[in-house]
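Have a look at the structure below before the remarks.
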Amino acid sequence: MCHKGTILPPLRSVILALALAGLAAAQSATWRKVGSSAVELMLASPATGPVENVWFSRDGGILYARTRSGKVFETADYEIWQPSSSAAEPATLTPAPAVARIPEPGSRVVGGSFGRIYALGRQLFRSDDGGRSWESLSAFKTDSVIGVQQHSVATSPASADQIVVANDFGVWRSMDGGLSWAGLNLLLPNLPVKRILSAPTGASGTRVVVDGMGPMELPPGATVWQPVNDPTQAVDEAQRILYSQKAGGEVRSYAVADKVVYVGTADGRILISRDGGLSFSQTNTDRANGPVERLFVDQTRPEVALAALGGPNAPHILRTTNSGGFWDALDANSNLPNVPVRAVTGERAAGAVYVATDRGVFWAKVDLDNASTTPANWIPLTGLPQAAASDVYLDPSGIQLYTAVEGYGVYATAAPHRLRSVRLVNAADFSTRAAAPGSLMSVIGGRVNAVRGGDLDYPILASADDASQIQVPFEAVGPNVTLALQTSTGAVRLGMQVQPVSPAIFISRDGAPMLQDADTGLLLDARKTAHAGSRIQVFATGLGKVTPDWPSGTPARVDNPPAVAATIRAFLNGAPVPVRSATLAGGYIGFYVVELQLPTLNNAGPAELYITADGVESNRVQITIDQ
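Written out as structure tokens, the structure is:
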């Protein structure tokens, strides 16, 4: 076994970054890009949304692309795309000569340059003899390596062999006349994300619905979206059809909390059911006249709901606090732009509402317990691309805010309302799981100066204006502890569950786990994968007491760190794998490291990993294994 002292110290900054991920993000309103604008569809390169036209500038130095939404982008390096500031229009295709035959039923013949003509259909074809014979440039057996439905082809003025094609799956370039292809889609802002399904959870990454492509997932640590078998969209569609029959009109959205169901229709009606959707009664939406694009209902108080309306005129955002007895317009006499609202979400306890509009994302502090006529002050969340927002989503802990921006994909930031309420989350996976002796916990919502629970002082390891990190003393006992916190804004009391063990593997904000190769000390991710038969180290918290006893708030010794007292087991795709050791991480506070042995024979690809402490399961994470 390698000497841990030579492995762990170089990772200090990385470990601290992961542990304080929630804190670092909370100090900035900067949006971060979640994945690229491309999806992996097993084509020549990652794909994106439909592109209708491509053309070169007269000198061939700039390539232009017009997406199906009508936006025009340009690139000079065939990688970075920018909104076009040029007045150049798509070049008129050279009139096609009469040909004896077309290579594919329904294909469209277009003139090219250098004496060549092309046919655009399901595949891309080229003829060098005026259409007497045709060669497919995109086919592999019956499939297309660049995707189907070719819309446009352009030849560079500099070379007959440099051709670019636009189709239903983006922009594709060949430098050898069509013998090989590469996509230009990774950074082309043309991914039509329609809905955000979930934030990273367990071994799953962020999940979305892409218009025309279906459910997609961004695997933890990856940059390209991948198709995923997620039934959410199909279930939603089936429910909308069922509710449409009961509502007597097209249902555009619905929200459920226990047996309470709200449905919104295309003509602006909102109905409510209190028997799980068996029967509905109409609520009074007063002046609402646009389609109800999205509904939000509080899961603990279903009489509180929000509605987003997509009509051209106000109101665009409605609130009820009495199960639809009446609805308040939250944009009445307010500064919210008079544009359609596509989505809404909120957090009742913090009094926060977020909306996705055709002018971007806004949020407001709103009383979600009582009706009010006080105008809401809508704050724009700047820093996003200048495009419509199609969705807005809060993660289950209410810390991270996600939005989908038309064409540009998904972005995330720390939710600004976190300053309105102090909350306690696990520092490893940002969950509300119970704490354990020795655990690291993050206090979101304020700078903490002192923490006391019972007769124990809790060490404060890091503190910022809106978040802090603490360690649960090894002497703490449960099952319930009331914490007395001294914050920058005054005294706060929080309840906390404490169990003997409550394991959690450290993950990044995008769900990538903190794992390293035990021999090399290199972090494992989508680019640096684990190998069958190797030893890996898993960084976690919440594994409980250690032997010999160790003082809280003190870094563990590097040589022979204290061993975990609980029985630690590890599982890969549900099968047990040998655990070689489980100790405190030398040189750190609240970190544990579990070393395990991967099987010599193992299927290559992603696998689900989790650990248990005395039978209590951790979060599940994804690890990629090569043979």
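Per my numbering, residue -4 is the first one in the sequence shown, and the count goes up by one each step. Think of the CB as a built atom: it goes at the ideal place given N, C-alpha and C, for glycine as much as any other residue. Just so you know, these numbers come straight off a predicted model, no measurement behind them.
Thinking C-beta only, is residue j closer than 8 Å to residue i?
{"i": "arginine 314", "j": "proline 332", "result": "no"}
{"i": "isoleucine 500", "j": "isoleucine 606", "result": "yes"}
{"i": "valine 493", "j": "alanine 431", "result": "yes"}
{"i": "leucine 363", "j": "glycine 341", "result": "yes"}
{"i": "threonine 482", "j": "glycine 490", "result": "no"}
{"i": "alanine 60", "j": "leucine 183", "result": "yes"}
{"i": "serine 274", "j": "glycine 259", "result": "no"}
{"i": "glycine 402", "j": "alanine 384", "result": "no"}
{"i": "leucine 593", "j": "proline 556", "result": "no"}
{"i": "valine 533", "j": "leucine 517", "result": "no"}
{"i": "aspartate 163", "j": "glycine 178", "result": "no"}
{"i": "valine 46", "j": "threonine 62", "result": "yes"}
{"i": "valine 443", "j": "serine 458", "result": "yes"}
{"i": "valine 616", "j": "alanine 217", "result": "no"}
Quick one: grab the DSSP three-state call for residue i.
{"i": "threonine 227", "result": "helix"}
{"i": "histidine 311", "result": "coil"}
{"i": "leucine 519", "result": "coil"}
{"i": "alanine 527", "result": "coil"}
{"i": "arginine 488", "result": "strand"}
{"i": "glutamine 277", "result": "strand"}
{"i": "alanine 347", "result": "strand"}
{"i": "glutamine 240", "result": "helix"}
{"i": "alanine 233", "result": "helix"}
{"i": "leucine 179", "result": "coil"}
{"i": "arginine 264", "result": "coil"}
{"i": "arginine 63", "result": "coil"}
{"i": "proline 335", "result": "coil"}
{"i": "arginine 121", "result": "strand"}
{"i": "arginine 552", "result": "coil"}
{"i": "arginine 415", "result": "helix"}
{"i": "asparagine 48", "result": "strand"}
{"i": "tyrosine 403", "result": "strand"}
{"i": "glycine 341", "result": "strand"}
{"i": "proline 222", "result": "strand"}
{"i": "serine 193", "result": "strand"}
{"i": "alanine 649", "result": "The structure shown does not extend to residue 649, since the chain is modelled only from -4 through 622, so no value can be given for it."}
{"i": "leucine 705", "result": "With the chain represented from -4 up to 622, any question about residue 705 goes unanswered, as that position is not in the structure."}
{"i": "methionine 134", "result": "For the record, residue 134 in the displayed sequence is alanine; it is not methionine. Strand at alanine 134."}
{"i": "valine 96", "result": "Reading the sequence as shown, one finds arginine at residue 96 and not valine. Coil at arginine 96, not helix or strand."}
Going straight from the alpha carbon of residue i to that of residue j, what length do you get?
{"i": "asparagine 568", "j": "alanine 602", "result": "6 Å"}
{"i": "leucine 591", "j": "glycine 539", "result": "19 Å"}
{"i": "valine 657", "j": "alanine 261", "result": "The structure shown does not extend to residue 657, since the chain spans only -4 to 622, so no value can be given for it."}
{"i": "arginine 96", "j": "serine 102", "result": "10 Å"}
{"i": "proline 215", "j": "serine 329", "result": "40 Å"}
{"i": "glycine 76", "j": "valine 159", "result": "It should be pointed out that residue 76 corresponds to tryptophan in this sequence rather than to glycine. Computed Cα separation, rounded: 15 Å."}
{"i": "proline 546", "j": "alanine 409", "result": "33 Å"}
{"i": "alanine 345", "j": "phenylalanine 120", "result": "59 Å"}
{"i": "alanine 20", "j": "threonine 398", "result": "Note that alanine 20 has pLDDT 40, beneath the 50 cutoff, so the model's placement of it is unreliable and the number below is only indicative. Each residue's Cα considered, the two are about 16 Å apart."}
{"i": "proline 41", "j": "serine 32", "result": "9 Å"}
{"i": "arginine 190", "j": "glycine 126", "result": "45 Å"}
{"i": "valine 553", "j": "glycine 582", "result": "6 Å"}
{"i": "valine 400", "j": "proline 380", "result": "7 Å"}
{"i": "serine 529", "j": "asparagine 598", "result": "14 Å"}
{"i": "leucine 396", "j": "glutamate 232", "result": "25 Å"}
{"i": "histidine 146", "j": "aspartate 225", "result": "31 Å"}
{"i": "asparagine 372", "j": "valine 350", "result": "13 Å"}
{"i": "methionine 211", "j": "alanine 471", "result": "43 Å"}
Mind checking who residue i pairs with in its DSSP beta bridge?
{"i": "methionine 436", "result": "Asn421, Ile465"}
{"i": "isoleucine 57", "result": "Paired residues: none, contrary to the question."}
{"i": "threonine 201", "result": "Leu213"}
{"i": "isoleucine 584", "result": "DSSP, once it has assigned bridges, lists no residue as partnering isoleucine 584."}
{"i": "alanine 608", "result": "Ile563, Val611"}
{"i": "tyrosine 249", "result": "Val258"}
{"i": "serine 147", "result": "Ala161"}
{"i": "glutamate 603", "result": "Gln617"}
Using a Cβ-Cβ distance cut-off of 8 Å, determine whether residue i contacts chain C.
{"i": "tryptophan 358", "result": "No chain C is part of this structure, which consists of one protein chain only."}
State the CB to CB distance for the pair residue i and residue j, rounded to an integer number of angstroms; the pair is presumed to be in contact (CB under 8 Å).
{"i": "valine 420", "j": "valine 496", "result": "So it is not a contact: roughly 18 Å between Cβ atoms."}
{"i": "valine 559", "j": "alanine 565", "result": "Not quite, the Cβ-Cβ distance comes to about 13 Å (not below 8 Å), so this is no contact."}
{"i": "leucine 456", "j": "isoleucine 584", "result": "6 Å"}
{"i": "threonine 43", "j": "glycine 165", "result": "4 Å"}
{"i": "serine 204", "j": "leucine 192", "result": "One point to set straight first is that residue 204 is valine, not serine, in the sequence displayed. Yes, they are in contact, since the Cβ atoms of valine 204 and leucine 192 sit about 6 Å apart, within 8 Å."}
{"i": "proline 310", "j": "leucine 304", "result": "6 Å"}
{"i": "valine 336", "j": "isoleucine 312", "result": "6 Å"}
{"i": "glycine 209", "j": "glutamine 228", "result": "7 Å"}
{"i": "threonine 536", "j": "phenylalanine 469", "result": "Rounded, the Cβ-Cβ distance is 13 Å, inconsistent with contact."}
{"i": "tyrosine 406", "j": "arginine 27", "result": "7 Å"}
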